[in-house]
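Residue numbers (my numbering): 114 to 327.
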């Protein structure tokens, strides 16, 4: 009962922070600042969604990824409307529960890559396609793939040297937090292939620092 109430309060607090960022964005004229605030709000909304789902379920230790990713992707397509582009989005997610920490990391990764694709992948094109695929074996080996058929990345792009905060965050989440691998392919669009384990990695409690004993 105590954990249930904690998730409820955390969810409410995150929603307050999200509302404050939204209010700040509405009073700011600088487009770059508005973009930064919107990105921050999106990340907070992703975390709030986890607590919303946990609060509404009877299981506070695991996250239903099919439900979570489906809701998250719907929110992102509403938050980042592509003005004149008709985007077809295809979501394939394994019907499996992840530990909350791993689910949070995956959610933040999808938030960054999906919002980036919606905003930047298609330029002046009238249509485009974005796909998200998430599968897991019985032993906890996970494959996450986010792809689009847009304009692709700039020539010579190197994710190890990127100045994009969002893509740098993706790299940290995959390689450091989930201890996985990340492959970026830019050929007729962009594909991000990620592989990691959720058994033994990413299964710590939400908020726990994996490099300490706390």
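In this text, a Cβ means the ideal position worked out from N, Cα and C, and glycines have one as well.
These numbers were taken from a predicted model, which means no experiment stands behind them.
Where DSSP assigns a beta bridge to residue i, which residues make up the other side?
i, result
"residue 249", "255"
"residue 243", "202 and 261"
"residue 175", "212"
Can you give the Cα-Cα distance for residue i and residue j, rounded to whole angstroms?
i, j, result
"residue 166", "residue 300", "36 Å"
"residue 192", "residue 310", "30 Å"
"residue 298", "residue 274", "15 Å"
"residue 229", "residue 152", "10 Å"
"residue 295", "residue 307", "5 Å"
"residue 238", "residue 200", "10 Å"
"residue 164", "residue 128", "11 Å"
"residue 218", "residue 285", "10 Å"
"residue 257", "residue 244", "11 Å"
"residue 211", "residue 278", "26 Å"
"residue 235", "residue 271", "20 Å"
"residue 180", "residue 264", "30 Å"
"residue 281", "residue 287", "10 Å"
"residue 150", "residue 224", "15 Å"
"residue 322", "residue 188", "Note that residue 322 scores a pLDDT of 39, beneath 50, so its modelled location is shaky; the value from the coordinates is reported in the next line. Their backbone Cα atoms lie some 28 Å apart in a straight line."
"residue 162", "residue 231", "20 Å"
"residue 246", "residue 154", "24 Å"
"residue 159", "residue 132", "14 Å"
"residue 206", "residue 213", "16 Å"
"residue 146", "residue 249", "38 Å"
Following the continuous alpha helix (DSSP H) through residue i, name the residue where it begins and the one where it ends.
i, result
"residue 186", "178-192"
"residue 210", "Careful: residue 210 lies outside any alpha helix (DSSP H), inside the beta strand (DSSP E) at 210-212."
"residue 284", "278-285"
Going by C-alpha distance, which of the options is nearest residue i?
i, options, result
"residue 222", "156, 161 and 233", "156"
"residue 283", "149, 135, 226 and 213", "226"
"residue 242", "261, 224 and 304", "261"
"residue 289", "187, 215 and 253", "215"
"residue 208", "177, 240 and 161", "177"
"residue 268", "302, 255 and 249", "302"
"residue 292", "305, 276, 255 and 141", "255"
"residue 240", "198, 259 and 142", "198"
Please check the pair residue i and residue j, which I expect to be a contact at CB under 8 Å, by giving their CB distance rounded to whole angstroms.
i, j, result
"residue 182", "residue 204", "6 Å"
"residue 220", "residue 185", "6 Å"
"residue 253", "residue 312", "3 Å"
"residue 259", "residue 305", "5 Å"
I need the boundaries of the beta strand (DSSP E) containing residue i, first residue and last residue.
i, result
"residue 311", "Per DSSP, residue 311 belongs to no beta strand (DSSP E) and is neither H nor E."
"residue 297", "294-299"
Can residue i be considered in contact with the ligand MN, in the sense that its beta carbon sits closer than 7 Å to one or more heavy atoms?
i, result
"residue 271", "No copy of the ligand MN appears in this structure; indeed no ligand is present at all."
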